[in-house]
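The structure under discussion appears below in the form of structure tokens.
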Amino acid sequence: MASKTTSSTGKKSALTAEEQQKIVSGFQALRDEQTQLVQKTQDLEMDLKEHDLVLSTLSTITDKQRRCYRMIGGVLIEHTVGEVVPALQANREQIHNVIESFKQKTEDKAKELANYKQKHDIHFSYERPNQQQQGSKPAANSSDSGTTKKEPQDSGVLVDKDN
Numbered sequence: 008m009a010s011k012t013t014s015s016t017g018k019k020s021a022l023t024a025e026e027q028q029k030i031v032s033g034f035q036a037l038r039d040e041q042t043q044l045v046q047k048t049q050d051l052e053m054d055l056k057e058h059d060l061v062l063s064t065l066s067t068i069t070d071k072q073r074r075c076y077r078m079i080g081g082v083l084i085e086h087t088v089g090e091v092v093p094a095l096q097a098n099r100e101q102i103h104n105v106i107e108s109f110k111q112k113t114e115d116k117a118k119e120l121a122n123y124k125q126k127h128d129i130h131f132s133y134e135r136p137n138q139q140q141q142g143s144k145p146a147a148n149s150s151d152s153g154t155t156k157k158e159p160q161d162s163g164v165l166v167d168k169d170n
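The numbering used here applies: residue 8 is where the sequence shown begins, and numbers increase by one.
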């Protein structure tokens, strides 16, 4: 539904600038949410790697009564290796579960984004549907600069790659 139809003439009228701006804003909001999910997933994956590193280091220690220190909320707390390893394994499992949850949410957000893009007939400037008719310049070369001149169209919304 990229354009409205008028009841009297049956012709499609172009979207107003305000309507286009709302559509673009909604699209950018969805993209921002997806980006945040990806960033959170990457942060948690780094935490998971740190947990794995610490667990592999602690697994070489045979004395389970040996003292070790654990940072909890910015406070260093003394424990034994025997107490820390099970807690780290439980934290690692929880982090892994949250990562899987975020990956699923990211996939769902990607589907929602694709549906929104299709519903509002959104095209990036480098994937313009009538690009073959504009000139002999291949699609790969037109996306190198990241921006292309926007031409008025009857329907659809163009979004620059950098937005």
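Here a beta-carbon is modelled for each residue, glycine too, at the ideal position from N, C-alpha and C.
Only a predicted model underlies this, so the values are computations on that prediction, with no experimental measurement involved.
Beta bridge pairing from DSSP links Leu83 with Met78. CA-CA distance, Leu95 to Arg38, rounds to 34 Å. Inclusion of Lys71 and Phe109 in the CB contact set at 7 Å is not warranted, their separation being larger than that value. Following the DSSP letters along the chain, one finds His127 in no alpha helix (DSSP H), marked with neither H nor E. The beta carbon of Leu44 is closer than 8 Å to those of Phe109, Lys112, Thr113 and Lys116 in its chain, skipping five residues each way along the sequence.
Boundaries of the alpha helix (DSSP H) harbouring Ala36: Ala24 to Ser66, taken from the DSSP string. With fewer than 16 other beta carbons inside 10 angstroms of its own, Ile84 counts as exposed. Non-local beta-carbon contacts of Pro93 in its own chain, meaning distances under 8 Å to residues more than five positions away in sequence, are absent. The alpha carbon of Arg74 has as its nearest neighbour, out of Ile68, Val88 and Val82, the alpha carbon of Val88.
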